[in-house]
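These protein sequence lines map, in sequence, to chains A and B.
All residue numbers for the first sequence refer to UniProt numbering, where the first residue is 1 and numbers rise by one.
All residue numbers for the second sequence refer to UniProt numbering, where the first residue is 1 and numbers rise by one.
What follows is one structure encoded as structure tokens, with my remarks underneath.
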Amino acid sequence: MASSSGNNPRDRIAACFGRLYVALSKLEVLAEVEPVMDPILASASKLDVALLETDEEEYEETALKVVSALRKAQLPDFNTLQQYLQQLDPTTLTIPFVFILSSLIDSTLSEQTSRTLPQLLLPEGKLWPEITRVLLTFDQVQVRYVGAQFHKIIDTVYTGAEQTGNFVPAIQLIENAILRLDHTSSTLTISHYYFVKLCLYARAYNEAANILNRPIYHIPTSEATKPLEKRLSKFVCSPHESTVAYINPQTGLSGRITSRVYLEYYFLSALCFLGMQNWEKAQEFLEVVLTTPTSQNVASLIQLEAYRKWLLVGLLIDGEGRELPRSVSTNAAKHIRALGKPYECVVDAFKSNNMDTLQAEINEGIQVWTDDGNYGLMTEVMAAFRKFSVLRLSKTYAALPIEEVARLTSPAPNDAAETLNYITMLITTGAVQAQLTPLSPKTQSASLGTLRFLPSTTTQKSEAEVERELAIKTAELQILSKHIQDYDHQLNVNKDYVEWLQKAKKARDQEKKAGDKSAASKPFGIPPGSGMGMGLDVDEEMMDDWN
Amino acid sequence: MAEEEQVKHIKPRYTVTVPDAPKFDLQSYIANYKGRTVFRRLYLIASCSTVLREEAARLAVSEAKKGQDINHYNDAVTLLGSVTSSKDTKDLTDSAWLSQREKQNAAETKRLENELKQYKNNLIRESIRMGSEDLGQHYYNLGDLGRAQTSFSKMRDYCTTSAHIISTAFRMVSVAIEQKNWMGVQSQVNKVRALNLKQEEAARIQPKISTAQGLSYMCQGDFMEAANAFLSTEFTLGDTYNEVISSNDVAVYGGLCALASMSRAELQSKVLDNNNFRSFLELEPHIRRAINSFCASKYSQCLEILESYRADYLLDIYLQDQLPRIYEKIRTRSIVQYFAPFSRVTLQSMEQMFGTPATSSASSTAAQNGSTSTTSPSTVPQFQWELISMIQSGALDARIDLENAVLISHEEFPRAVMQQHAISTVDDFIREARIKLLRLNAVNGGLDVKPSPKNAKGKDALAGGMDLAGMVDTGNEGFGSFQGQGYSLRSGRS
Numbered sequence: 001m002a003s004s005s006g007n008n009p010r011d012r013i014a015a016c017f018g019r020l021y022v023a024l025s026k027l028e029v030l031a032e033v034e035p036v037m038d039p040i041l042a043s044a045s046k047l048d049v050a051l052l053e054t055d056e057e058e059y060e061e062t063a064l065k066v067v068s069a070l071r072k073a074q075l076p077d078f079n080t081l082q083q084y085l086q087q088l089d090p091t092t093l094t095i096p097f098v099f100i101l102s103s104l105i106d107s108t109l110s111e112q113t114s115r116t117l118p119q120l121l122l123p124e125g126k127l128w129p130e131i132t133r134v135l136l137t138f139d140q141v142q143v144r145y146v147g148a149q150f151h152k153i154i155d156t157v158y159t160g161a162e163q164t165g166n167f168v169p170a171i172q173l174i175e176n177a178i179l180r181l182d183h184t185s186s187t188l189t190i191s192h193y194y195f196v197k198l199c200l201y202a203r204a205y206n207e208a209a210n211i212l213n214r215p216i217y218h219i220p221t222s223e224a225t226k227p228l229e230k231r232l233s234k235f236v237c238s239p240h241e242s243t244v245a246y247i248n249p250q251t252g253l254s255g256r257i258t259s260r261v262y263l264e265y266y267f268l269s270a271l272c273f274l275g276m277q278n279w280e281k282a283q284e285f286l287e288v289v290l291t292t293p294t295s296q297n298v299a300s301l302i303q304l305e306a307y308r309k310w311l312l313v314g315l316l317i318d319g320e321g322r323e324l325p326r327s328v329s330t331n332a333a334k335h336i337r338a339l340g341k342p343y344e345c346v347v348d349a350f351k352s353n354n355m356d357t358l359q360a361e362i363n364e365g366i367q368v369w370t371d372d373g374n375y376g377l378m379t380e381v382m383a384a385f386r387k388f389s390v391l392r393l394s395k396t397y398a399a400l401p402i403e404e405v406a407r408l409t410s411p412a413p414n415d416a417a418e419t420l421n422y423i424t425m426l427i428t429t430g431a432v433q434a435q436l437t438p439l440s441p442k443t444q445s446a447s448l449g450t451l452r453f454l455p456s457t458t459t460q461k462s463e464a465e466v467e468r469e470l471a472i473k474t475a476e477l478q479i480l481s482k483h484i485q486d487y488d489h490q491l492n493v494n495k496d497y498v499e500w501l502q503k504a505k506k507a508r509d510q511e512k513k514a515g516d517k518s519a520a521s522k523p524f525g526i527p528p529g530s531g532m533g534m535g536l537d538v539d540e541e542m543m544d545d546w547n
Numbered sequence: 001m002a003e004e005e006q007v008k009h010i011k012p013r014y015t016v017t018v019p020d021a022p023k024f025d026l027q028s029y030i031a032n033y034k035g036r037t038v039f040r041r042l043y044l045i046a047s048c049s050t051v052l053r054e055e056a057a058r059l060a061v062s063e064a065k066k067g068q069d070i071n072h073y074n075d076a077v078t079l080l081g082s083v084t085s086s087k088d089t090k091d092l093t094d095s096a097w098l099s100q101r102e103k104q105n106a107a108e109t110k111r112l113e114n115e116l117k118q119y120k121n122n123l124i125r126e127s128i129r130m131g132s133e134d135l136g137q138h139y140y141n142l143g144d145l146g147r148a149q150t151s152f153s154k155m156r157d158y159c160t161t162s163a164h165i166i167s168t169a170f171r172m173v174s175v176a177i178e179q180k181n182w183m184g185v186q187s188q189v190n191k192v193r194a195l196n197l198k199q200e201e202a203a204r205i206q207p208k209i210s211t212a213q214g215l216s217y218m219c220q221g222d223f224m225e226a227a228n229a230f231l232s233t234e235f236t237l238g239d240t241y242n243e244v245i246s247s248n249d250v251a252v253y254g255g256l257c258a259l260a261s262m263s264r265a266e267l268q269s270k271v272l273d274n275n276n277f278r279s280f281l282e283l284e285p286h287i288r289r290a291i292n293s294f295c296a297s298k299y300s301q302c303l304e305i306l307e308s309y310r311a312d313y314l315l316d317i318y319l320q321d322q323l324p325r326i327y328e329k330i331r332t333r334s335i336v337q338y339f340a341p342f343s344r345v346t347l348q349s350m351e352q353m354f355g356t357p358a359t360s361s362a363s364s365t366a367a368q369n370g371s372t373s374t375t376s377p378s379t380v381p382q383f384q385w386e387l388i389s390m391i392q393s394g395a396l397d398a399r400i401d402l403e404n405a406v407l408i409s410h411e412e413f414p415r416a417v418m419q420q421h422a423i424s425t426v427d428d429f430i431r432e433a434r435i436k437l438l439r440l441n442a443v444n445g446g447l448d449v450k451p452s453p454k455n456a457k458g459k460d461a462l463a464g465g466m467d468l469a470g471m472v473d474t475g476n477e478g479f480g481s482f483q484g485q486g487y488s489l490r491s492g493r494s
């Protein structure tokens with residue numbers, strides 16, 4: 001055990017734990033385990049921060065050795081092992097802890113005939129305290145060596161939550177695990193997918209935002225990360241610039257990301273934002289789904305669902321429908337647009353600025369909206385129409401009587417009192433920047449009051465506010481540009497790209513040969529074999545893609 | 001056949017009725033023109049003006065008799081029959097003349113066609129060109145515009161000198177103008193412009209080119225370009241282009257187009273201080289007065305002058321279609337210019353200044369608004385309604401305060417607008433970049449949606465890709481959870 005010496009905090013914790021261990025070691029059961037585990041634990045305990053800082057190579061070797069020793073070790077029966085696990089510290093000894101826990105899960109599952117999880121893996125179950133402990137306090141470096149096993153634990157938590165309907169502890173555990181592994185949460189993992197799904201089940205939209213608001217920059221599929229392996233000559237344990245270096249299918253930490261998981265993750269996230277009524281974010285996420293590349297002549301059903309919601313959300317944001325992003329593949333667009341027709345009709349009716357048309361269009365398709373699960377959004381659209389009608393008035397009028405507002409925008413043009421209530425609601429929620437003044441003494445009519453739109457000066461931001469906002473944006477842009485550069489590097493090792501380079505070079509060589517014969521030199525030709533010319537071409541190619 | 005088409009083409013054209021007496025004298029007005037345009041102008045006046053119709057129709061009949069176009073004659077006689085106050089309408093048609101004319105025309109056509117055939121056999125280019133020209137001109141005189149155009153365009157192939165090209169172009173311009181084919185006019189003008197001409201030659205044709213161009217721009221509704229073209233017309237035009245346009249017309253068209261499109265400073269420098277155009281304006285002094293009063297901010301005076309000439313201009317062959325738009329634009333611009341120096345003006349004082357909009361422009365405004373908004377203009381005072389539609393169309397940057405009945409200028413703070421713009425641009429960029437980056441990631445990671453494994457053998461477990469054909473009937477199983485989610489979302493919100 002590591003309890004004998006050392007001043008650093010971890011060692012001290014380990015020392016405490018060691019004392020506990022001594023007290024308990026009197027129990028006989030443990031006598032069985034000790035001979036097997038002690039040597040492994042001895043080497044596992046060497047894996048501390050000090051070693052990581054001084055000698056990464058040694059750290060990596062030791063870690064791998066521990067893992068292979070654990071694989072070979074004859075582990076005792078379930079009960080013994082479980083009691084033994086209770087005394088291990090999941091922080092200093094993450095590797096053995098995760099490994100043993102996952103083998104315990106395995107053995108319970110193998111006894112199980114049905115697909116449901118046994119009681120002891122569920123919250124309040126026998127193994128639950130261990131599961132909680134490790135997910136809350138695992139060591140983020142050690143865990144990289146037991147990614148697959150770690151992943152199994154998360155899997156168990158997720159399945160258990162689905163089974164019991166007790167979502168809250170699972171949401172908290174998975175959220176913590178994601179952030180502990182990668183505080184930027186910039187690499188997509190299966191855990192993200194589990195997390196957002198559970199949040200939706202639990203309607204914990206605001207809790208979901210903490211993860212969803214951190215943009216994803218990497219998607220670790222084996223196609224994407226395999227070519228990188230050779231480039232990353234560093235060790236798994238080294239501090240990496242981007243988290244995808246260790247959260248990938250090779251370490252097992254990411255789980256297997258498929259096209260389906262990817263689409264669903266973004267679609268479900270968008271649903272979360274819809275639940276929060278954060279239309280802008282929802283739109284962004286839906287657009288990710290829409291722009292997912294498609295091969296051949298197909299489109300995903302999820303994309304269709306996304307398109308329907310995306311159309312409506314566009315109306316909710318600014319009352320104007322918008323064009324499909326250009327990066328949506330034309331074939332896919334053709335399919336989803338054909339099936340999204342009723343929704344496009346609603347958008348057209350909305351844009352026609354005619355309330356009756358819109359109402360008729362929405363009534364016409366009630367069955368469709370209900371079947372698609374979009375009825376709720378439709379009612380939002382109807383409400384938004386009235387709101388934007390009032391907002392549009394501010395472009396023409398500085399002030400106008402409530403009766404006039406009712407006549408121009410209300411579904412019941414003669415019911416000024418109802419409009420008054422509605423306007424009051426809009427003003428109090430901040431949707432409209434305006435004032436209501438009671439009957440002015442000048443006018444003799446029996447008006448209920450006047451709606452006066454506030455000039456834009458009153459809503460203007462102060463200089464300091466703007467400056468702060470700009471600073472935030474600058475920082476965001478810097479992060480983004482760093483990721484773009486990273487990605488540019490990554491694409492350099494892409495197989496297709498390398499092939500393209502070869503082809504381009506061949507073509508250029510041929511051209512050069514032909515050129516040498518005809519003209520001695522062109523004034524602005526690319527100098528033969530110059531890397532510069534090549535680099536420039538590449539940049540242009542990239543830019544084309546971006547545009 | 002083509003002649004029949006033409007008849008149909010002319011007759012439904014004039015739906016405007018002008019009850020007021022124009023200020024011009026018909027005889028002297030029509031003396032300004034020559035060629036086919038004389039008849040067409042007379043015919044228009046006879047169809048539209050209630051005051052002048054009989055006189056104009058009689059003149060049209062006698063004019064048609066001078067020419068070769070039988071359809072003109074027939075049209076004119078029919079028209080005269082319908083407008084004349086004398087009871088004797090039977091003997092209007094001179095059938096002897098008609099049949100003689102018909103014979104002559106047919107004979108002439110045959111002669112010219114034969115001649116051209118001969119020339120073609122002889123392969124003498126110059127003769128072919130002249131033959132085609134004669135034939136084209138003959139068709140033109142007969143009013144068979146389609147064939148005239150074909151002849152003239154054949155003639156182009158045999159042109160050898162720039163003078164030939166110019167004369168061909170002008171003949172085609174005449175045809176195109178009568179057909180109201182303004183793009184055709186434009187393209188002919190451009191062809192002439194592209195020629196490399198001697199200075200004297202260029203100076204000689206400049207007025208005709210400019211007016212033809214101006215006319216085509218004006219009739220297409222591009223008043224700014226039209227104004228520029230008319231303003232650059234040299235006064236040497238005189239009566240050289242009487243078959244299309246007179247110098248008086250240039251003054252009127254140029255002046256109106258300029259009023260409809262230019263700022264006060266531009267009007268001053270490009271129109272009033274333009275020595276060349278001043279000569280034109282002297283022919284139509286009231287146009288100069290209108291422009292002067294616009295520049296001097298006396299908008300109501302300017303509008304009054306123009307209004308008093310409305311009848312005249314509605315009887316102009318080219319202006320008739322465009323006049324309501326031109327007047328409306330001038331009125332809109334007057335209101336905008338009037339309001340420019342103020343931060344707020346009472347609606348009452350503005351209404352006194354401008355009065356209610358004239359009938360024709362008001363009805364067109366109302367029609368426009370009826371289509372864009374659900375409100376009925378009847379409940380809103382007309383002038384206020386005009387302002388509202390101006391604001392909504394973006395012409396007037398102001399807001400109406402109905403409580404105090406004032407028009408308030410819209411204030412913006414460039415700095416704040418700029419800052420807002422900068423921030424939203426950055427936001428859009430970040431958003432866009434993230435989406436694109438993810439897409440790149442997905443492409444690179446092989447995450448594209450693929451057909452379901454059922455349809456594509458050997459492609460395993462890419463469950464996200466369902467092809468749509470299969471999805472319609474079977475897709476629901478795989479998708480149930482989402483639909484359920486949709487429902488729960490709804491109940492979650494309401």
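Even for Gly, the Cβ is constructed at its ideal location relative to N, Cα and C.
Of the residues the options, the one placed nearest residue i, counting alpha carbons only
i	options	result
A:Ala333	A:Gln502, A:Lys351, A:Glu287, A:Asp318	A:Glu287
A:Gly373	A:Leu271, A:Val236, A:Val493	A:Leu271
A:Met382	A:Asp371, A:Glu404, A:Lys351	A:Lys351
B:Val16	B:Asp134, B:Asp321, B:Ser389, B:Val51	B:Asp321
B:Gly238	B:Ile205, B:Cys219, B:Glu411, B:Gln352	B:Ile205
B:Ile30	B:Tyr14, B:Glu55, B:Phe170, B:Arg399	B:Glu55
B:Ala290	B:Val271, B:Leu195, B:Glu200, B:Arg431	B:Val271
B:Pro451	A:Ser300, A:Arg386, A:Glu469	A:Ser300
Where residue i falls, given that 16 or more other Cβ within 10 Å makes a residue buried
i	result
B:Val417	exposed
A:Arg407	buried
B:Ser424	exposed
B:Ala260	buried
B:Arg53	buried
B:Leu123	exposed
B:Val18	buried
A:Ala464	exposed
Whole-number beta carbon distance between residue j and residue i, since they are thought to touch under 8 Å
i	j	result
A:Thr225	A:Gln250	7 Å
B:Glu243	B:Lys34	6 Å
B:Val443	A:Pro293	5 Å
B:Met130	B:Gln149	In fact, because the Cβ distance is near 18 Å, the residues do not count as touching under 8 Å.
B:Lys154	B:Ser132	5 Å
One or two residues paired with residue i in a DSSP bridge
i	result
A:Pro401	A:Thr450
B:Arg344	B:Ile408
A:Thr294	B:Val449
Span of the alpha helix (DSSP H), counted from its first residue to its last, around residue i
i	result
B:Leu26	26–30
Residue interval of the beta strand (DSSP E) (run including residue i)
i	result
A:Leu436	434–437
B:Asp401	398–401
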